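To keep things clear, I will list the structure first and then write my remarks on it.
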Amino acid sequence: MATASDAASRPRAARAPREDASKTLVLVLCGLPGVGKTTLARALARRARESGHDAHHARYDARELRAMTREDGTTAFEPARWRAARAEAAADVDAATRRGNAREDGVKTVVIVDDNMYYRGMRWEVFRAAREARASCACAHVTAPTKEARRRNRNREGAEAVPEEVFERMTRAFEAPAVTTPGDGATFPAFVVDATEETDVDAAWSRALEFWGPAPDVPASEAERELEREAARAETAKSALHALD
């Protein structure tokens, strides 16, 4: 049985951003299809608003689905449309981030990026954009057993369900983020949200607040920035090629 001393020794759950927090937090959700990212994103957006913050939920897959849907209601993958949809989603995230940073009324903003983000480079593209906009950025890896995620995906309706072969390919290709600890100086902090059963939204929100710090430093030299851009271009090309497989 837990005692009063046990409770006192546990870290207190964060209820507000850190004092040095930037005006905006870009929270990147990643994980396999069916783990519960969109459900969590909606719950976190509600929790943010209940806490007095603004919230913006950016769903990449919704834009991708619209781009792939034909006039007769059927869907078909087209690489150019897929890339354009993702570019639109990224622009939406950037615009929401900059709106949040432009606020002068004291209200902070949480921009929730809802996508599989199965490649490390995909997540780093979002991070670099947030950094350039002078926003804090963290990643929440939403997890559930692969078997359970597969079952949930199969139970989705219509085009919302990811094709089985795509699900398996994502499972093999997924590059999980390295989990970090608040205050350890990680450039792009990340934490895990267990969605095997009912997700603890309070705990997930508290973890996000713990990682909501100042905007990360921008590389000092143009050479460093060009190296990052080159790496980003390579990752983008890899993502596009993978989508064609």
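So in full-length UniProt numbering, spot 155 of the sequence shown is number 155, and the numbers just go up one at a time. Glycine residues also receive a C-beta, built at the ideal position from the N, C-alpha and C atoms. No experiment lies behind these values; they were computed from the predicted model shown.
Note the first and the last residue of the continuous beta strand (DSSP E) segment covering residue i.
i	result
D194	A190 to D194
V110	T109 to D114
D54	D54 to R59
For my contact list, residue i and residue j are in at a C-beta cut-off of 8 Å; report their separation, rounded to the angstrom.
i	j	result
R63	A85	4 Å
V142	G36	6 Å
R123	C30	6 Å
V179	F188	Incorrect: roughly 11 Å between the Cβ atoms, too far for contact.
K147	K23	Incorrect: roughly 41 Å between the Cβ atoms, too far for contact.
In three-state DSSP terms, what is residue i?
i	result
L32	coil
S136	strand
T187	coil
V126	helix
R151	helix
E88	helix
Which one or two residues does DSSP pair with residue i in a beta bridge?
i	result
V93	Note: V93 sits in no beta bridge, so no partner.
T24	T109
V142	V193
T74	The partner list for T74 (beta bridge, DSSP) is empty, contrary to what the question assumes.
T69	T75
Distance, Cα to Cα, residue i vs residue j?
i	j	result
R70	R207	40 Å
P214	A67	35 Å
G183	F211	8 Å
P79	A89	15 Å
V193	V166	23 Å
N101	R134	8 Å
A21	V93	19 Å
Y118	T171	9 Å
R169	W205	30 Å
With respect to the alpha helix (DSSP H) encompassing residue i, which residues constitute its N-terminal and C-terminal limits?
i	result
A48	K37 to E50
D202	V201 to E210
T171	E164 to A173
Comparing the CB of residue i with every heavy atom of the ligand NAP, is any distance shorter than 7 Å?
i	result
D114	Within the structure as shown, the ligand NAP is missing, as the structure has no ligands at all.
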